[in-house]
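Chains as they are written, first to last, in this note's numbering: chain A, 8 to 111; chain B, 8 to 111. Every residue, glycine too, gets a C-beta built ideally from N, C-alpha and C. A short write-up of the structure that comes next.
Protein chains: 2
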Amino acid sequence: MSSVFKALSDPTRRRVLEMLRDGPKSAGELAGAFDVSKPTMSAHFAVLRDAGLVASEKDGKSVFYHLQMSVLEDALFGFAQTFGWERREDISTTGRPVLKEGKA
Amino acid sequence: MSSVFKALSDPTRRRVLEMLRDGPKSAGELAGAFDVSKPTMSAHFAVLRDAGLVASEKDGKSVFYHLQMSVLEDALFGFAQTFGWERREDISTTGRPVLKEGKA
DNA sequence: TCGACAATTAGCTAATTGTCTATTTATGAG
DNA sequence: CTCATAAATAGACAATTAGCTAATTGTCGA
Numbered sequence: 008m009s010s011v012f013k014a015l016s017d018p019t020r021r022r023v024l025e026m027l028r029d030g031p032k033s034a035g036e037l038a039g040a041f042d043v044s045k046p047t048m049s050a051h052f053a054v055l056r057d058a059g060l061v062a063s064e065k066d067g068k069s070v071f072y073h074l075q076m077s078v079l080e081d082a083l084f085g086f087a088q089t090f091g092w093e094r095r096e097d098i099s100t101t102g103r104p105v106l107k108e109g110k111a
Numbered sequence: 008m009s010s011v012f013k014a015l016s017d018p019t020r021r022r023v024l025e026m027l028r029d030g031p032k033s034a035g036e037l038a039g040a041f042d043v044s045k046p047t048m049s050a051h052f053a054v055l056r057d058a059g060l061v062a063s064e065k066d067g068k069s070v071f072y073h074l075q076m077s078v079l080e081d082a083l084f085g086f087a088q089t090f091g092w093e094r095r096e097d098i099s100t101t102g103r104p105v106l107k108e109g110k111a
């Protein structure tokens, strides 16, 4: 949990996650979108991977990263539940969980 | 946003927030629940205050902290919305927003 | 095998973090 | 005014972080 929030505390890393919303992208493709060196981006990827927020697969020369939605979901909603919000699955229209007012 | 996630990345600070769920508590009362020095706790309070997650009021010799629910809510749900979750207000039974499957 | 390319690792610096003890500030009681 | 209590500030220190350049590893095409 701490490692997830730590990972989310950097704007570059949050933007990487957003870039992965619609599918996997290579390390180079991701790095190209930011104004920092490749090794620096590689370190950011490592933080995200260690937090479990992304997973990587090697394909030829490239490494592709993809979002681990469920980890993001569990951290965000798991914490929110502590404060009385409630995850709802029942009325979902898009397939992702819903967080609703809890009885907590 | 970064400062909120940074604040949430420490377990001590998350527990402080949880302790404030049911109402304000003094700095001493909060500090007493943890196994670190008062000044260390004071630093944690400052991080939470700078992130906007808590506010403080002085009452006599004591300082009382209370949760700023809306800031927590906006950070958590604002970020979640980026990933297609949707905040719902309509079916809430406890008065807190609901996060549901988005069309995003 | 050689060269180019993609990505990570190594090694470094500067800045930030979490922790401590000691000190200071502010309030209230006698 | 003086003392005790609550909390924050100051100053020190070890550990971590984000960033860089340079070097290394792995994979392909010629």
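- Item | A/Lys65, enclosing beta strand (DSSP E) - first and last residue | Its beta strand (DSSP E) spans residues Val61 to Asp66.
- Message: In whole angstroms, give me the CA-to-CA distance for A/Met48 and A/Ala38.
- Response: Computed Cα separation, rounded: 6 Å.
- Which of helix, strand or coil DSSP assigns to A/Arg22: Under the three-state reduction of DSSP output, A/Arg22 falls in the helix class.
- Rounded C-alpha distance that separates B/Leu27 from B/Ala87: Whole-angstrom Cα-Cα distance: 23 Å.
- Item | Nearest to B/Glu25 (by Cα), restricted to the options B/Leu55, B/Arg94 and B/Trp92 | Closest by alpha carbon: B/Leu55.
- Partners in chain A for B/Phe52, counting only beta-carbon separations shorter than 7 Å: Within chain A, not a single residue places a beta-carbon under 7 Å from that of B/Phe52; the smallest gap is close to 18 Å.
- Run of the alpha helix (DSSP H) containing B/Val54, from where it starts to where it stops: Start and end: Lys45 to Asp57.
- C-alpha distance - B/Phe71 paired with A/Pro31, whole-angstrom precision: B/Phe71 and A/Pro31: Cα-Cα distance of roughly 47 Å.
- Item | Residue(s) in a DSSP beta bridge with A/Val70 | Answer is A/Lys65, bridged to A/Val70.
- Own chain partners of A/Leu75 with C-beta closer than 7 Å, once the 5 adjacent residues on each side are dropped: The question names Leu, but residue 75 of chain A in the sequence shown is Gln. The residues are Gly59, Leu60, Val61 and Ala62.
- Can you list, in chain order, the residues of the segment 72–95 of chain A whose Cβ is nearer than 9 Å to any Cβ on chain B? Residues passing the 9 Å Cβ filter: Leu74, Met76, Leu79, Glu80, Leu83, Phe84, Phe86, Ala87, Thr89, Phe90, Gly91, Trp92, Glu93, Arg94 and Arg95.
- Item | Host beta strand (DSSP E) of B/Arg94 (start-end) | For B/Arg94, the enclosing beta strand (DSSP E) begins and ends at Trp92 to Arg95.
- Cα-Cα separation, B/Thr89 to B/Lys65: B/Thr89 and B/Lys65: Cα-Cα distance of roughly 38 Å.
- Query: Considering only C-alpha positions, which residue in the set A/Gly91, A/Gly67 and A/Arg21 is nearest to B/Ser9?
  - Reply: B/Ser9 has its Cα closest to that of A/Arg21, out of A/Gly91, A/Gly67 and A/Arg21.
- Task: Quick one: using the 10 Å Cβ neighbour count with 16 as the cut-off for buried, is B/Ala14 buried or exposed?
- Result: B/Ala14 comes out buried.
- Item | B/Ser69 and A/Ser16 closer than 7 Å at C-beta | Cβ atoms of B/Ser69 and A/Ser16: not closer than 7 Å.
- Let me know the secondary structure DSSP gives A/Ser9 once reduced to three states. A/Ser9 carries a helical assignment under DSSP once its states are collapsed to helix, strand and coil.
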